[in-house]
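Reviewing the structure listed below.
In the numbering used here, the protein residues as written are 61 to 483.
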């Protein structure tokens, strides 16, 4: 994976103060990789209860916790020191790997403290691999639900999806490294989208609304290129990112955000072509927003960052669904049955008793065991009506002589249907 971090953070001035907090070994590791690739990146805080791992970190701002397993003890140590660090920030992004007991407990509580301080709070976390066990998966799922309730938005990187994009012969360490690199690029790109400015920019409220959808899958891709065909090459590399599934996931996206960052000579035609290409791949289902940040030197590469949200439900929809679910669950099944029951008819009961007395139980059982074959109903046919008039001889053209409904001009034997025999 090409690493665009150096050029992404070299001249990027975030208009708002930010704080990225890495929690646990996975979170601190992401901050280390971010700082090594871009030494000028600021606003990083490492929190860990592993003293050895924290001592090896290159992040200057650190909060070391005791090795106590109880979260209450850790939070008592963390809360007063965290409040001081949060005071200067307006945007707080939490990062870490879900599944570990300590990290999965601390992340939601740190998010709660950040929200209580009236900070815009986001989380960028990874979901464990399936081979890490059911207990780890369950812990991660609970932590994710808590983060979705406490944060303004959550970006989730599913390690299983990222791992499936690596070669089958890749080592376990390479697979985890692939996951760290994805989060490593997403963090500054997310800050750049939130800090978008100028005539073509991403609306922060729309981005936060997309990130706050509970259960939504966040797909992220990036690419960069130079030269005369830089836009199409950068877009192609972004589409090939593991989480974008070669662009196919964009067709199902609820919202898509594109950030173009590059040299000052970025043309209007390139920005228009980028929008048209994403619209062609995504279709008409999702809402697409474009942000442009072109303030670097002419020889800088053109970078494309794409963030797409799939599925999920808004917080407003979840809040509206809660009262209805409580109301429906408060009605018990037997209460519904009693409301719909009808009074028994006395006549019906008497007829049932009289009818049951006439039938012997053994005969009834035998009838059930040896049912009689059903008698086929006779097929009904429609006959033809005989409309042929009787012959009237020489009186055929004259008015008939009708007496009491009988035509007297017709011979008697014909009227009576008699056959004459000649002797």
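Quick reminder that beta carbons are idealized off the backbone N, C-alpha and C, glycines included.
Per DSSP, which residues does residue i bridge with? Please list them.
{"i": "residue 365", "result": "282, 319"}
{"i": "residue 183", "result": "154, 214"}
{"i": "residue 463", "result": "466"}
{"i": "residue 108", "result": "124"}
{"i": "residue 370", "result": "277"}
{"i": "residue 354", "result": "322"}
{"i": "residue 82", "result": "106, 155"}
{"i": "residue 332", "result": "For residue 332, which the question treats as bridged, DSSP gives no partner whatsoever."}
{"i": "residue 348", "result": "316"}
By Cβ distance below 7 Å, which residues in the same chain neighbour residue i in space, the five residues on each side in sequence not counted?
{"i": "residue 89", "result": "240"}
{"i": "residue 111", "result": "124"}
{"i": "residue 306", "result": "299, 300"}
{"i": "residue 287", "result": "none"}
{"i": "residue 210", "result": "168, 171, 172, 175"}
{"i": "residue 294", "result": "283, 284, 285, 362, 363, 364"}
{"i": "residue 264", "result": "254"}
{"i": "residue 220", "result": "189, 190"}
{"i": "residue 468", "result": "461"}
Can you have a look at residue i and say buried or exposed, based on whether 16 or more other CB atoms are within 10 angstroms of its CB?
{"i": "residue 325", "result": "exposed"}
{"i": "residue 244", "result": "buried"}
{"i": "residue 360", "result": "buried"}
{"i": "residue 148", "result": "exposed"}
{"i": "residue 189", "result": "buried"}
{"i": "residue 232", "result": "exposed"}
{"i": "residue 363", "result": "buried"}
{"i": "residue 77", "result": "exposed"}
{"i": "residue 109", "result": "buried"}
{"i": "residue 358", "result": "exposed"}
{"i": "residue 212", "result": "buried"}
{"i": "residue 204", "result": "buried"}
{"i": "residue 416", "result": "Bear in mind that a pLDDT of 44 at residue 416, under 50, signals an unreliable position, so the model cannot answer this."}
{"i": "residue 302", "result": "buried"}
{"i": "residue 200", "result": "buried"}
{"i": "residue 462", "result": "exposed"}
{"i": "residue 104", "result": "buried"}
{"i": "residue 252", "result": "buried"}
Got a sec? Which residues, its chain only, sit under 6 Å from residue i by beta carbon, not counting five neighbours each side?
{"i": "residue 152", "result": "79, 174, 179, 181"}
{"i": "residue 218", "result": "187"}
{"i": "residue 118", "result": "92, 95"}
{"i": "residue 391", "result": "Below a pLDDT of 50, predicted positions are generally treated as unreliable, and residue 391, at 36, falls in that range; the measurement from the model is reported next regardless. Result list for residue 391: empty, nothing under 6 Å."}
{"i": "residue 156", "result": "83, 84, 86, 87, 163, 167, 185"}
{"i": "residue 304", "result": "279, 281"}
{"i": "residue 141", "result": "123"}
{"i": "residue 312", "result": "370"}
{"i": "residue 330", "result": "291"}
{"i": "residue 297", "result": "283"}
{"i": "residue 478", "result": "none"}
{"i": "residue 495", "result": "Absent from the structure is residue 495, since the part of the chain shown begins at 61 and ends at 483."}
Could you pull out every residue in the same chain whose Cβ sits closer than 8 Å to the Cβ of residue i, ignoring the five residues on either side in sequence?
{"i": "residue 466", "result": "475"}
{"i": "residue 150", "result": "76, 77, 78, 179, 180"}
{"i": "residue 250", "result": "153, 182, 184, 215, 367"}
{"i": "residue 192", "result": "159"}
{"i": "residue 177", "result": "143, 146, 147"}
{"i": "residue 202", "result": "164"}
Assuming residue i contacts residue j under a Cβ cut-off of 8 Å, what Cβ separation, rounded to an integer in Å, is found between them?
{"i": "residue 196", "j": "residue 159", "result": "4 Å"}
{"i": "residue 315", "j": "residue 347", "result": "5 Å"}
{"i": "residue 370", "j": "residue 276", "result": "6 Å"}
{"i": "residue 163", "j": "residue 134", "result": "No, residue 163 and residue 134 are not in contact; Cβ-Cβ is about 11 Å, not under 8 Å."}
{"i": "residue 154", "j": "residue 171", "result": "6 Å"}
{"i": "residue 320", "j": "residue 334", "result": "6 Å"}
{"i": "residue 126", "j": "residue 137", "result": "6 Å"}
{"i": "residue 368", "j": "residue 309", "result": "6 Å"}
{"i": "residue 121", "j": "residue 106", "result": "7 Å"}
Checklist entry - Just checking, does the segment 348 to 357 make contact with the segment 255 to 266 on the three C-beta pairs under 8 Å criterion? => result yes
Item to check | Segment contact, 8 Å Cβ cut-off, at least three pairs: the segment 267 to 282 with the segment 323 to 339 | outcome: no
Checklist entry - Counting pairs of Cβ atoms below 8 Å between the segment 274 to 284 and the segment 334 to 350, do you hit three or more? => result no
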